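In order, the protein sequences belong to chains A and B. Mind the numbering: the first sequence is residues 1 to 400 in the numbering used here, read in order. Mind the numbering: the second sequence is residues 1001 to 1400 in the numbering used here, read in order. Glycine included, every Cβ here is placed at the ideal spot set by N, Cα and C. None of the values given here were measured: they were computed from a predicted structure. Here's the structure we're looking at; comments come further down.
There are 2 protein chains.
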Amino acid sequence: MNIAVAQSGGPTCAINASLVGVFRQALKTAEIDTVFGSINGIEGVYNDRLIILNSAITTNADMELLRQTPSTILGSCRCKLPDFRQDDNLYKKITATFDKHRISKFIYIGGNDSMDTVVKLSGYFEAIGRNDICVIGVPKTIDNDLCVTDHTPGFGSAAKYVASTVQEIIRDSRVYSIESVTIIEIMGRNAGWLTASTCMLRANGEIAPHLIYLPEGDFDVSRFVEDVRCEQAKHQAVIVAVSEGITIGDSDYPRELDAFGHVRQSGIGKQLEMVIANEIGCKVRSIELNVMQRCSSHICSKTDIDEAEQIGAAGLQAAMSGSTGKVMYFKRLSDIPYVVTIEEGNAADFANKEKPFPKKWITDRKNNVSDEAVRYFLPLIQGEVKTAMRNGMPLHFMLR
Amino acid sequence: MNIAVAQSGGPTCAINASLVGVFRQALKTAEIDTVFGSINGIEGVYNDRLIILNSAITTNADMELLRQTPSTILGSCRCKLPDFRQDDNLYKKITATFDKHRISKFIYIGGNDSMDTVVKLSGYFEAIGRNDICVIGVPKTIDNDLCVTDHTPGFGSAAKYVASTVQEIIRDSRVYSIESVTIIEIMGRNAGWLTASTCMLRANGEIAPHLIYLPEGDFDVSRFVEDVRCEQAKHQAVIVAVSEGITIGDSDYPRELDAFGHVRQSGIGKQLEMVIANEIGCKVRSIELNVMQRCSSHICSKTDIDEAEQIGAAGLQAAMSGSTGKVMYFKRLSDIPYVVTIEEGNAADFANKEKPFPKKWITDRKNNVSDEAVRYFLPLIQGEVKTAMRNGMPLHFMLR
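Here it is, written out as structure tokens:
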């Protein structure tokens, strides 16, 4: 029996670790002969662009390198399958590829859009009576906005990078003897999880960021200016963490839509910088953490990378036991000590849904988060992966 | 006898290590009683805002933490002293502070603007016959644009961050099966050193960045578009490293001047992004590495941090031997094995001057750098500092 694995959606530091999890578990499974990797997610399946992973990943050292390599070695896609009842063309191509290579287990690593593919594909195989093919989803996203699961692989590493970098920016912002405001724009689409995670700096005695704004917090520009003025009375260098998902009402700022109809947001940091320059007139700087927050493997969370590998392995185990149309997820049993189990849920409960940051953890004035959030976030960033270096730079796995 | 140390100019990852160098050397020197730290550079001296470092840095663990803490624990300034022949008011205040605290050695850690302070202050003490007070400069800048010295403390750590991060951005940029251009804007003011240092990725087998543009390379927009088109024929995801110091002719882009009359540049990445969007129309993204490139201590270069400490110690040794109006610098004897010595030069040779990236290392088409540059850069980023962590985040030294 052969299996296939693919990666989809936006890059993270942990997707390759989940691939390692699937691959290593396959090596342990006597019934499995070949592990195929699909190039560019589901696109590689319907275009029959598969590679044999057993030839690409040949040593334990390769697996270790893959674990510390960000993004997706197999490439990704933003493809959304049509409803097979309306158009089953791609589904027939996918089935043909699976049959050609005797693939009967398909593991799809991705976010909530990719879980839509798991729902549709498993639904199609069921509808045509192909119960011999199992489709399992393995979650990932730095946004942490997947339903059901306690958290998502990739989020912990992004949060560790963001907290560490914001701490360094705080040091940098305090050097001159003048008033300043630094606005740090953080990813997360419509969810404030990653921005909120900057609250973890409190655990190390840092008061900043003094203000934290999330899309879940009903942002208001004039209240924002008031908040900044208020913090300036207490701190010479005010640090603001702001989620990319925040919008300013009545703005003529142009927005783009991605293939899924999601608004592609950027620039709120720059917009707020201009607001402060106009309204307060002090030194102000906006900083976008940009793609670095999703690809900075050099400071990834060992907890995140280990869990990403484990949930990949669990995905294959579920498929081998005959499950299909399921997504693996984390269930947290305890914060201290941190205990999670890996469970399987229905893919339909994950697909196309977003889990917002809890309103109960947002302060009344909507400009910060509570200490319960610190307790939730902290376990996810623990531990460092010992990064293999060459010539003073991290070494990455590359497909030859 | 007491001594004073101060930090000036833009933050780097290595300024605190030079402070440790001065401090640790002072502890070894029997004649020295108290080490004062001046808050916000020379401003703290003429305003008599000094702290006793012996009370602030009390353990070896403190010194280790300081070495891994970015920016300047004593704060910085952008103050330029007037000519004392025209206005000696501040000079009299500085002398009063030194006399009040029996300070006879002053170590100033900073860039080419700060070395101007070393020239003027030592010149003043000489003019008024105060040969008992010695003023020594210790270099630092991520721009690497100081004359005389082989390289500057702070540059190696910035270059290690930039190379490692650009490598991660390369991984990130290649995930989708569409053509794209990624433009990474890198600091350096008028000098291309830090941008050029991305060439080090070649040592790890990376072809990207495919294009590297420096202020020293006569930038031309239409040639740039042609270069990008040419690279697109070979690579699906084209990576461009561009120095913040590059300007587009006839642009109406607004520029600001800092206190020294330097043009404060930003936004060339965004400008070139718009050029590509208009001229080629493919997916294009610009990324500013912003202040992260000067404060990301979590991936600092051990070579840089060690050298920064050594040159700080050497600065105090020079002052103790009676030198004044001097700046310490690195002289490279060999690339492989990497051997440098620490020398002293006249501060006037450093002050207000900039060392451009060598034209001989820029390719004929002015869109890349030669392998000789790789050989120059590589030794500067070697080694990692074992970062002390708390709660999954780097621990920083803080003044209590």
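Secondary structure of residue i, DSSP reduced to three states
i, result
"leucine 1395 (chain B)", "coil"
"glycine 41 (chain A)", "coil"
"isoleucine 1299 (chain B)", "helix"
"glutamine 382 (chain A)", "coil"
"leucine 1257 (chain B)", "At leucine 1257 (chain B), the pLDDT of 47 sits below 50, so the modelled position is not reliable and the matter cannot be decided from this model."
"glutamine 265 (chain A)", "Bear in mind that the predicted position of glutamine 265 (chain A) carries a pLDDT of just 44, short of 50, making it too unreliable to give a figure here."
"glutamate 179 (chain A)", "coil"
"arginine 130 (chain A)", "coil"
"glycine 1111 (chain B)", "coil"
"isoleucine 3 (chain A)", "strand"
"serine 1104 (chain B)", "strand"
"aspartate 252 (chain A)", "Any reading at aspartate 252 (chain A) needs caution, since the residue's pLDDT is 41, under 50, leaving its predicted position unreliable; the model's value is listed next. Three-state DSSP puts aspartate 252 (chain A) in coil, outside helix and strand."
"isoleucine 1246 (chain B)", "coil"
"methionine 200 (chain A)", "helix"
"glutamate 1307 (chain B)", "helix"
"arginine 294 (chain A)", "helix"
"glutamate 185 (chain A)", "strand"
"isoleucine 233 (chain A)", "In the sequence as displayed, the identity of residue 233 (chain A) is alanine instead of isoleucine. If DSSP states are grouped into helix, strand and coil, alanine 233 (chain A) belongs with coil."
"glutamate 1288 (chain B)", "strand"
"leucine 19 (chain A)", "helix"
"arginine 1223 (chain B)", "helix"
"alanine 241 (chain A)", "strand"
"phenylalanine 84 (chain A)", "coil"
"isoleucine 362 (chain A)", "strand"
"valine 1148 (chain B)", "coil"
"arginine 390 (chain A)", "strand"
Element boundaries [beta strand (DSSP E), containing residue i]
i, result
"tyrosine 213 (chain A)", "211-213"
"methionine 1328 (chain B)", "1326-1334"
"cysteine 1134 (chain B)", "1134-1139"
"arginine 1375 (chain B)", "Where arginine 1375 (chain B) is concerned, there is no enclosing beta strand (DSSP E), although the alpha helix (DSSP H) it sits in stretches over 1371-1377."
"isoleucine 207 (chain A)", "That residue, isoleucine 207 (chain A), is in no beta strand (DSSP E); it is neither H nor E in DSSP."
Chain B contact residues for residue i, given Cβ-Cβ distances below 9 Å
i, result
"valine 369 (chain A)", "Chain B residues near valine 369 (chain A): none, gap ~16 Å exceeds 9 Å."
"lysine 326 (chain A)", "Here the premise fails: no neighbours, minimum Cβ distance about 25 Å."
"leucine 378 (chain A)", "Asn1391 and Gly1392"
Residue from the options with nearest C-alpha to residue i
i, options, result
"cysteine 230 (chain A)", "A:Lys386, A:Met1, A:Leu50 and A:Asn367", "A:Asn367"
"isoleucine 1094 (chain B)", "B:Leu1050, B:Ser1157, B:Ile1109 and B:Val1181", "B:Leu1050"
"arginine 1174 (chain B)", "B:Lys1270, B:Thr1012, B:Val1238 and B:Arg1024", "B:Val1238"
"glycine 1281 (chain B)", "B:Val1228, B:Gly1245 and B:Asn1290", "B:Val1228"
"cysteine 1079 (chain B)", "B:His1298, B:His1101, B:Ile1039 and B:Glu1372", "B:Ile1039"
"valine 1240 (chain B)", "B:Ile1287, B:Val1339 and B:Asp1218", "B:Ile1287"
"tyrosine 1338 (chain B)", "B:Ala1351, B:Glu1043, B:Gln1167 and B:Leu1380", "B:Leu1380"
"glycine 82 (chain A)", "A:Asn60, A:Val385, A:Ala56 and A:Ser114", "According to the sequence provided, residue 82 (chain A) is proline. The question's glycine does not apply to it. Of the listed residues, the one whose Cα sits closest to proline 82 (chain A) is A:Ser114."
"tyrosine 423 (chain A)", "A:Thr363, A:Ile336 and A:Glu354", "Not covered by the structure: residue 423 (chain A). The range shown for chain A is 1 to 400."
"leucine 1211 (chain B)", "B:Ala1014, B:Glu1372, B:Leu1121 and B:Thr1363", "B:Thr1363"
"isoleucine 136 (chain A)", "A:Lys386, A:Val118 and A:Pro153", "A:Val118"
"isoleucine 109 (chain A)", "A:Lys355, A:Asp88, A:Ile73 and A:Ile103", "A:Ile73"
"threonine 1141 (chain B)", "B:Ala1127, B:Met1187, B:Ser1164 and B:Thr1182", "B:Met1187"
"glycine 10 (chain A)", "B:Ala1096, B:Lys1100 and B:Ile1169", "B:Ile1169"
"proline 394 (chain A)", "A:Val22, A:Thr69, A:Ala30 and A:Ile246", "A:Thr69"
"threonine 1303 (chain B)", "B:Leu1090, B:His1151, B:Met1389 and B:Phe1224", "B:His1151"
"isoleucine 103 (chain A)", "A:Asn89, A:Ser76, A:Cys134 and A:Tyr161", "A:Cys134"
"valine 22 (chain A)", "A:Ala4, A:Gly392 and A:Thr12", "A:Ala4"
Within chain A, partners of residue i - CB distance below 8 Å
i, result
"glutamine 1167 (chain B)", "Met393, Pro394 and His396"
Limits of the alpha helix (DSSP H) - the one that residue i falls within
i, result
"tyrosine 1091 (chain B)", "1089-1100"
"glutamate 64 (chain A)", "60-67"
"isoleucine 52 (chain A)", "Segment 50-52 is the beta strand (DSSP E) holding isoleucine 52 (chain A); no alpha helix (DSSP H) there."
"isoleucine 169 (chain A)", "155-173"
Interface partners of residue i on chain B, CB under 8 Å
i, result
"tyrosine 176 (chain A)", "Asn1040, Gly1075, Ser1076, Cys1077 and Arg1078"
"leucine 201 (chain A)", "Met1393"
Listed by chain order, chain A residues near residue i by CB distance under 7 Å
i, result
"alanine 1163 (chain B)", "Met393"
"glutamine 1382 (chain B)", "Gly392"
"cysteine 1295 (chain B)", "Glu168, Ile169, Arg171 and Asp172"
"proline 1356 (chain B)", "Residues of chain A passing the Cβ test: none, with the nearest at roughly 24 Å."
Proximal chain A residues relative to residue i, where beta-carbon distance stays under 9 Å
i, result
"methionine 1292 (chain B)", "Thr165, Glu168, Ile169, Asp172, Ile287, Leu289 and Met292"
Residue-level contact to chain C via CB, residue i, 8 Å cutoff
i, result
"lysine 1100 (chain B)", "Protein chains A and B are contained in the structure displayed, whereas chain C is not."
Item to complete: Return the chain-ordered ranges of every beta strand (DSSP E) run that is complete within the region 334-358 of chain A and spans a minimum of 3 residues.
Response: Unbroken beta strand (DSSP E) runs of no fewer than 3 residues, entirely contained in the region 334-358 of chain A, are found at 339-346, following chain order.
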